[in-house]
Structure formats: C-alpha cells, structure tokens
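Below: the structure, in structure tokens.
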Amino acid sequence: MKINFGHKGFTLIEVVMAVVIAGILATIAIRSTVTITETGRVEITKTELKDIGYAISGNPNLENNGIRTDFGYVGDVGALPTTLNDLLTNPGGYATWNGPYVKNRFDQTPSDYLEDAWGVAYSYSGVDLTSTGSGTNIVHKVGQNTSEFLLNSVSGNIYDADGTPPGTIYKDSIVVLLTIPNGAGALVSKGIYPDLGGYFSYDSIPVGNHDLLIIYQPTNDTLRRLVSVLPNSEHFNSYLLSEELW
2 MKINFGHKGF
12 TLIEVVMAVV
22 IAGILATIAI
32 RSTVTITETG
42 RVEITKTELK
52 DIGYAISGNP
62 NLENNGIRTD
72 FGYVGDVGAL
82 PTTLNDLLTN
92 PGGYATWNGP
102 YVKNRFDQTP
112 SDYLEDAWGV
122 AYSYSGVDLT
132 STGSGTNIVH
142 KVGQNTSEFL
152 LNSVSGNIYD
162 ADGTPPGTIY
172 KDSIVVLLTI
182 PNGAGALVSK
192 GIYPDLGGYF
202 SYDSIPVGNH
212 DLLIIYQPTN
222 DTLRRLVSVL
232 PNSEHFNSYL
242 LSEELW
C-alpha cells in the first residue's frame, strides 16, 4: 500500500529558473548600488569643488551689516593661489595670509582636499577647477576670468563739509591713500592726489575690504573709510571732509 503525502518536488527546469531569477535580481541590486555610489561621489566632488572655489575667492553670501566679509585667499593676499597647496599652507611666509582656507574631509589625510572622491588630483588653472576621476570632467568655475578678481577700480570725489571741491589751489593739499595686499604677502599703500574737481581713481585693485584714507595735509584732517571691492566692479563714492576747508 502506497501513502501519498501530497508533496511535489521541484523539476530541474524550475530550479534552473529560480537560480536565473536570483542572479538577475542580484545583478540589478549590484548595479543600483554602484549607481548610488557613483552619484554620491559626484555630489561629494561637486561640493568640494565649490568649497575650494570659496576658499580661493570667498563666499559672497557671508555678510555683516550688508557688507561682504569673505573674499578668501585673493582678498587676503591680492593674488590667485599658484597651486591649491597655497590654500592650506602659507606659500612663503606671507604676512597677509590668513589660512588655512580649506578643511580636509578626513583628519588623517592632510591633503585629501587636493583629490576628488575617486582619489584623482584636481586640476587647477586660472579660474577653472576640474575633477577627472569619474571619467567625465566635472568643472567648477571660480569666475569668468582672473581680471574680475585682480583688476577692479576704486574712484571717488572729495569735497569739504559744505560740498565744495578743492579747486586748483587746494587739490595738492589732499592725499588719498588706499591700502591693499600686493600679491606677495605684504600690504602697500598707494597714494594719489585728486584733481581740481576732487576726483581720484585707482585701477588694478584686487577684491577685498581695503582701508581708504583721505588726508588734508595742512591740518592732518583725516577721513577713514572701508572700501569693499567686489569682483568685476568699478567702486565709486563721494566723500565729505568734516570741516569747511576751502
């Protein structure tokens, strides 16, 4: 007498199909994981490139009382970094260097900011930062060109307290001093005299917050102002001295 328990075994075809389906699902899962990993690396790299850009030229969103406070390496030194190493270590005992301007992702890897998420070194040239580790260039532009950070202008008109320009007699009694970083680690004060209408002008000025002094030399009456030079700008203002001097 045979006893039938009602159990049915798997056929060879069913077993093979199960293995094939499991393999397909595993492949899809692996590919999804790889895609997520690659996407994560791309986003990490883009974020780091943006941060390096801020380290070079400053974050325009950082302000105090409506005045931009961050101009990065360029604002402190008056020049673009020669290499990305300049952002982490002082390139030559520069007194105006106020870094480090970058922060590493991992403390145990002091130079990881130099490399993208694939471990490939960034390329830096002028205003372009490039990652090549993904096989496709990821480019972050710090600006349109170097001149927008280094070749700005500052100008203005000077009047005494009642709004009168110095004229021919007094124009040589006023000296204007603009103090800027010289690109080699020091500050330099550039002195000029206004014209008879009180107008003065500087060119080739780097971005940053710079001290401007207007001095009436006979009495040493001095007006001090902070000039905030933005990228690709022509900064102009009118200045009134505290007394009726002429």
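Numbering-wise (the numbering used here), the sequence shown opens with residue 2 and increments by one. Note that CB positions come from ideal geometry on N, CA and C, so glycine has one too.
For residue i, does the three-state DSSP call read helix, strand or coil?
i: Tyr95; result: coil
i: Gly157; result: strand
i: Val230; result: strand
i: Leu130; result: strand
i: Glu244; result: coil
i: Asn66; result: coil
i: Leu188; result: strand
i: Asn86; result: helix
i: Val140; result: strand
i: Tyr200; result: strand
i: Leu50; result: helix
i: Ser135; result: coil
i: Asp173; result: helix
So, using beta-carbon positions, are residue i and residue j closer together than 7 Å?
i: Glu235; j: Ser148; result: no
i: Leu242; j: Leu224; result: yes
i: Asn158; j: Ser229; result: no
i: Ala122; j: Arg42; result: no
i: Asp77; j: Thr97; result: yes
i: Gly93; j: Pro207; result: no
i: Ile139; j: Thr46; result: yes
i: Ser205; j: Leu152; result: yes
Residue i: beta carbon under 6 Å from a heavy atom of the ligand MN?
i: Gly93; result: Although the ligand MN was asked about, the structure shown includes no ligands whatsoever.
Kindly list the residues whose CB is nearer than 6 Å to the CB of residue i, restricted to its own chain and excluding five residues on each side of it in sequence; keep chain order.
i: Thr169; result: Leu197
i: Leu85; result: Leu115, Tyr125
i: Glu49; result: none
i: Ser156; result: Ser202, Phe237
i: Asn233; result: Glu149
i: Val177; result: Ile193, Phe201, Ile215
Taking the alpha-carbon positions, what's the residue i to residue j distance?
i: Gly199; j: Asp163; result: 13 Å
i: Tyr217; j: Pro166; result: 13 Å
i: Asn91; j: Ile53; result: 16 Å
i: Asp161; j: Leu179; result: 19 Å
i: Gly136; j: Asn146; result: 26 Å
i: Val143; j: Trp247; result: 47 Å
i: Ile181; j: Gly209; result: 8 Å
i: Asp222; j: Lys172; result: 14 Å
i: Ile68; j: Leu231; result: 10 Å
i: Thr83; j: Gly134; result: 22 Å
i: Glu245; j: Lys51; result: 50 Å
i: Pro219; j: Leu63; result: 40 Å
i: Thr38; j: Glu44; result: 10 Å
i: Tyr95; j: Ala187; result: 7 Å
i: Asp113; j: Asn66; result: 35 Å
i: Lys104; j: Ile175; result: 45 Å
i: Gly120; j: His141; result: 17 Å
Take residue i and list the residues in its own chain whose beta-carbon comes closer than 7 Å to its own, dropping the five residues that flank it on each side.
i: Tyr102; result: Ala56, Gly73, Tyr74, Leu88
i: Gly184; result: Val78, Gly79, Ala80
Skipping 5 residues on each side, what residues in its chain have a beta carbon closer than 8 Å to that of residue i?
i: Asn99; result: Asp77
Do the region 118-137 and the region 206-223 make contact, defined as three or more Cβ pairs closer than 8 Å?
no
Count the CB pairs spanning the region 49-58 and the region 186-206 that are closer than 8 Å, and state whether there are at least three.
no
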